[in-house]
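J.:
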Amino acid sequence: MTTIDDVIGESTGRARAVLEYSRTMHGLVKSAKEPGFSVDSWAPLAELVAGDDFVRIGPFKEVMNWAEYAEFLTNWAQSSDWDCSFKRISEAGDVVFLELEERSRIGDFSSVVNSASVYEFDAAGKITYIAVYLQMQLPDSAPLPSFDGVEQAG
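For the sequence shown, the numbering used here begins at 65 and goes up steadily by one.
(1) Of the residues Asp158, Tyr133 and Arg169, which one's Cα is nearest the Cα of Cys148?
(2) Do the stretch 133 to 143 and the stretch 85 to 105 touch if we need at least three Cβ pairs shorter than 8 Å?
(3) Which residues in the same chain as Trp130 place their Cβ atom closer than 7 Å to its Cβ, once the five residues preceding and following it in sequence are excluded?
(4) Classify Asp172 as helix, strand or coil using the three-state DSSP reduction.
(5) Let me know the beta strand (DSSP E) ranges lying completely inside the stretch 112 to 174, each 3 residues or longer, listed in chain order.
(6) In terms of residue numbering, what span does the beta strand (DSSP E) encompassing Ile191 cover?
(7) From the DSSP output, read off the bridge partner residues of Glu184.
(8) Just checking Ser149 against the ligand PLP - is the residue's beta carbon closer than 7 Å to any of the ligand's heavy atoms?
(9) Would you check if the stretch 145 to 159 and the stretch 71 to 84 touch, i.e. whether three or more CB-CB distances between them fall below 8 Å?
(10) What does a CB cutoff of less than 7 Å around Glu165 pick up in its chain, not counting 5 residues either side in sequence?
(11) Which residues does DSSP pair with Val177 in a beta bridge?
(12) Taking its Cβ as the centre, do 16 or more other Cβ atoms sit within 10 Å of Met89, making it buried, or is it exposed?
(13) Between which two residues does the alpha helix (DSSP H) containing Ser95 stretch?
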């Protein structure tokens, strides 16, 4: 598995900023279990985003501004373990596309998903927009629709 740390040194520009965002997120999720962690603890991540202009759209089409997202992250990170592996990153103008394999555990529930996130930047190099897309396996009890000639990816 390739980590963010394995590839960050090879990246520049907005792609590097996205990798810094992911690396910072990873460290903060780990520290969220320590006493005193709060919404204010996301300050290192907040430095990378365009505060009042920031919008995050999650995998369920939920839309959050920075304050809402920081509150969401606090609740999630305090109760979750999260890690990721790097797959691919592409930069085109003010947009960066990042693919990861994300592994998380909340209580007894654990999941492994493929994520693709779209990051948009303003002229100052701050992240203004993140959209998250996920691929995940169906639960064992859910039937997979059958399509002639189409195989399920492993």
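All C-beta atoms, glycine included, are put in the ideal place defined by N, C-alpha and C.
For clarity, every value in this text was computed on a predicted model and none was experimentally measured.
T.: Taking the definition as stated:
(1) Here the question's residue 148 lines up with position 84 in the sequence shown. Closest by C-alpha distance to Cys148, out of Asp158, Tyr133 and Arg169, is Arg169.
(2) Contact between the stretch 133 to 143 and the stretch 85 to 105 is present, with at least three C-beta pairs closer than 8 Å.
(3) For the purposes of this step, residue 130 is taken as residue 66 along the sequence shown, with counting starting at 1. Excluding sequence neighbours, Trp130 sits near Ala110, Val113, Gly115 and Phe118.
(4) Locating residue 172 in the sequence shown gives position 108, counting from the first residue. Look at Asp172 here: in three-state DSSP terms it is coil, with no helix or strand label.
(5) Those beta strand (DSSP E) runs which fall completely within the stretch 112 to 174 and span 3+ residues are 119 to 121, 145 to 156 and 159 to 170.
(6) Stepping through the sequence shown from its first residue, residue 191 is reached at position 127. Note, Ile191: beta strand (DSSP E), Ile191 to Gln199.
(7) Within the sequence shown, numbered from 1, the residue matching residue 184 stands at position 120. According to DSSP, which records beta bridges pairwise, Glu184 is partnered with Val159 and Tyr193.
(8) The ligand PLP is not part of the structure shown, which contains no ligands of any sort.
(9) Yes, since at least three Cβ pairs between the stretch 71 to 84 and the stretch 145 to 159 fall closer than 8 Å, the two stretches touch.
(10) Within the sequence shown, the letter at position 101 stands for residue 165. Excluding residues within five positions, the ones whose Cβ falls inside 7 Å are Cys148, Ser149, Lys151, Val176 and Asn178.
(11) Translated into the one-based positions of the sequence shown, residue 177 becomes position 113. Under DSSP, the beta-bridge partners assigned to Val177 are Glu166.
(12) The residue labelled residue 89 in the question sits at position 25 within the sequence shown. When all chains shown are included, Met89 counts as buried.
(13) Indexing the sequence shown from 1 puts residue 95 at position 31. Run containing Ser95: Gly77 to Ser95, per the alpha helix (DSSP H) assignment.
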